[in-house]
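Residue numbers (the numbering used here), protein chains in the order written: chain A, 2 to 320; chain B, 2 to 320.
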């Protein structure tokens, strides 16, 4: 049985800045709790303010250090910051990632910084379903900026990073990241490229490589956004101002061209679709309990019908 | 535009043993071609004969060598053999895997052995949708045995391996596979465990470890299948007879206990569900083209509604 949840009280507490209330709401998202429907309805009028900043890159490029430096920069501006760390590549490492973040962070005691990691629970497509809702919780709870951090450059990382308004792709010299990035489609989702550890040998080569790849991939009209490539040494705070400037420029460009709203409408559409599919799946599950699908499956196994004809029957029964 | 396909001719050619026709049909599956519906209807009466043998294990355990040895053993029994190699962990490596198979195989010129790899096309959940249909093609084309080979021990590998009647999990000494296997749930899907490279140091430890883990995981009633652990040196053909014997025993046990049919009905049900969901997604896509979802998405972005309420509207419109 799902625990009873006092949604209005929880949402009010989260909006008043209670980290425990925010944590509880995100747990509801992780567990696909039935109360989510009520939570999202209560949050709706308070959402749409947060700027979601995606941060992705392979392990070892200094993602935690960069995130930490960016959080400091946003705090200097007086912004409330949420950090959501997701690891789509593993159902197990949610905890480890959170531990990492807490160790790395200068901000663990700052009440205006909320840090949270999310596990995928081994559920295929789970994070692309749950991440937008977790972002919505942080947004509704009054975060001005949400840093959405993902690990690696695989397909599902690209999907998660695609949930951001502005996506930072982190690279480091001599890691062959460029080639990997190109393969995994990270080039297409990167709005700002950051070459961190730029005091290391090969930094300029990496910058040149990535600029070259950006120019190769270009099918841009005049006025389109051209992703800048910024060098940083995040551990020393070098280049952080330039990254912030690049982010500001990207936000200004998106607002000027209506892209920010366009991206958000696209994302909300995806989210609606995912929730609708989930609802239809659940109805289909009921149909399976009721033996409807099993009878058809028996016919398929016996070669008396085929899966497509059977699926038609199922869809007809649902609709 | 999709190319026109003469389905009856293609299915007839595939059933008569044309590798080109089989290849074409599997390409239709990979591309989710509209003619699939007609293909599956034409194949239905001819399916249900093939024994699907799943083979999974980490890179380096000798999967190709084992597969090769098993193919020889099935060919000695006069069986027609299909090999379907899928790599769910990468959208790119389909080709490489096929190359591997062709290099490794003694059977490349044998007309009664059909070898095919399948790429995931970067589509989340793509392989769990397309693999059953590719198996159905090979089944309908007259394969007596289909070896379904997957790489690795991640979540999607487990899903693909779960499409088999009998699943072989390959391990090698000293690779720490045991721990990984336990984590990824391979223990639960393994019907036969094969410790390959058993002439290496540590083979007996690996056998003991895996037996221990099987016994730990047991919640078995009397008469349940207890997965055997077999040692092989596939490169020298050692232990292959024992693996074949273990497979035979598993098939006999499944038939005796009605498990074979049960598994196939369960799988056909999953397949029907996946096709139905796809059809519903496509209707939803039409709804998106028609601006229905976009209007709702705008309302979500403006905080005038929430994604759940919007999803309700979408489901109502579909049903």
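Ideal Cβ placement from N, Cα and C applies to all residues, glycine included.
Exercise. Relative to the alpha-carbon of residue 118(B), which residue among 239(B), 299(B), 84(B), 111(B) has its alpha-carbon at the smallest distance?
Worked result: 84(B)
Residues of chain A with CB closer than 7 Å to the CB of residue 276(B), please, in chain order.
Per Cβ cutoff of 7 Å: 308, 309, 312.
CA nearest to the CA of residue 129(B), picked from 151(B), 145(B), 147(B): 151(B)
task: Sort 160(B), 15(B), 174(B) by Cα distance to residue 208(B) and report the nearest one.
output: 174(B)
Environment of residue 21(A) [buried if 16+ CB atoms lie within 10 Å] | When all chains shown are included, residue 21(A) counts as exposed.
| query | Below 8 Å, can you find three or more Cβ-Cβ pairs linking the region 190-198 of chain A to the region 243-250 of chain A? | reply | yes
Between the region 258-276 of chain B and the region 280-294 of chain A, do at least 3 Cβ pairs fall closer than 8 Å?
-> yes
Amino acids of chain B, ordered along the chain, whose beta-carbon sits closer than 8 Å to that of residue 9(A):
By Cβ distance, chain B contributes nothing, its closest Cβ being about 14 Å from residue 9(A), past 8 Å.
Practice item. Ignore the nearest five residues each way along the sequence and tell me which others in residue 234(A)'s own chain have a CB closer than 6 Å to its CB. Key: 199, 200
message: Three Cβ pairs or more, each shorter than 8 Å: is that satisfied between the region 158-166 of chain B and the region 38-48 of chain B?
response: no
- Item | N- and C-terminal bounds of the beta strand (DSSP E) containing residue 195(A) | 193-196
Check: Are the region 301-318 of chain B and the region 8-28 of chain B in contact at 8 Å, needing three or more beta carbon pairs?
Finding: Look at the beta carbons and you see the region 301-318 of chain B not touching the region 8-28 of chain B: under three pairs across the two are nearer than 8 Å.
Q.
Please classify residue 202(B) as buried or exposed, where buried requires at least 16 other C-beta atoms within 10 Å of its C-beta.
A. exposed
Exercise. So, does the CB of residue 167(B) fall closer than 9 Å to a CB anywhere in chain A?
Worked result: No, no contact with chain A.
One question on the structure: do residue 169(A) and residue 244(A) come within less than 9 Å of each other, judged by their Cβ atoms? The answer is yes: Cβ separation under 9 Å.
Excluding the 5 residues flanking residue 63(B) on each side, which residues of the same chain have their C-beta closer than 8 Å to its C-beta? Within the same chain, residue 63(B) has close Cβ partners 171, 173, 197, 198, 235, 236.
_Enclosing alpha helix (DSSP H) for residue 66(B) [first to last residue]_ = 64-77
Problem - Identified DSSP bridge partners for residue 55(A) - result: Paired residues: 149(A), 168(A).
### Message
With distance defined between alpha-carbon atoms, name the residue in 35(A), 293(A), 318(A), 140(A) nearest to residue 332(A).
### Response
There is no way to answer for residue 332(A), as the model of chain A reaches only from 2 to 320.
Practice item. Whole angstroms is fine: what's the gap from residue 206(A)'s alpha carbon to residue 212(A)'s? Key: 10 Å
Is there at least one Cβ from chain A nearer than 9 Å to residue 49(B)'s Cβ? yes
Can you find at least 3 beta carbon pairs, one from the region 129-138 of chain A and one from the region 30-42 of chain A, that sit closer than 8 Å? yes
TODO: Give the straight-line distance between the Cα atoms of residue 310(A) and residue 225(A), rounded to the nearest whole angstrom.
DONE: Near 47 Å, if we compare the C-alpha coordinates of residue 225(A) and residue 310(A).
Item to complete: Helix, strand or coil for residue 202(A), going by three-state DSSP, please let me know.
Response: Coil at residue 202(A), not helix or strand.
- [ ] Answer yes or no: do residue 82(A) and residue 23(A) have a C-beta to C-beta separation smaller than 9 Å?
- [x] no
Next on the checklist: Taking its Cβ as the centre, do 16 or more other Cβ atoms sit within 10 Å of residue 5(A), making it buried, or is it exposed?
Outcome noted: exposed
Practice problem: For residue 25(A), I'd like the list of residues in its chain whose CB is within less than 7 Å of its CB, leaving aside the five on either flank, ordered along the chain. | Solution: 11
Review point. Does any CB atom of chain B fall closer than 9 Å to the CB of residue 299(A)?
Key: yes
Fill in: Chain-ordered neighbours of residue 41(A) on chain B, where CB pairs are closer than 7 Å
Correct list: 307, 308, 309.
With a threshold of 9 Å between beta carbons, is residue 149(A) in contact with chain B? no
Residue-chain proximity (residue 290(A), chain B), Cβ-Cβ < 9 Å
no
* With a CB to CB cut of under 7 Å and the five nearest residues on each side skipped, what residues in its chain are close to residue 314(B)? -> Here residue 314(B) has 297 as same chain residues with Cβ atoms under 7 Å from its own Cβ, once five neighbours each way along the sequence are excluded.
**Asked** Of all Cβ atoms in chain A, is any one closer than 9 Å to the Cβ of residue 285(B)?
**Response** yes
- Bridge partners of residue 324(A), per DSSP? Examination of residue 324(A) is not possible in this model, given that chain A is present from 2 through 320 alone.
*asked:* For a quick check, are the C-beta atoms of residue 38(A) and residue 307(B) less than 9 Å apart?
replied: In this structure, the beta-carbon distance from residue 38(A) to residue 307(B) falls below 9 Å.
Where does residue 216(A) land, buried or exposed, given buried means 16+ other C-beta within 10 angstroms?
exposed
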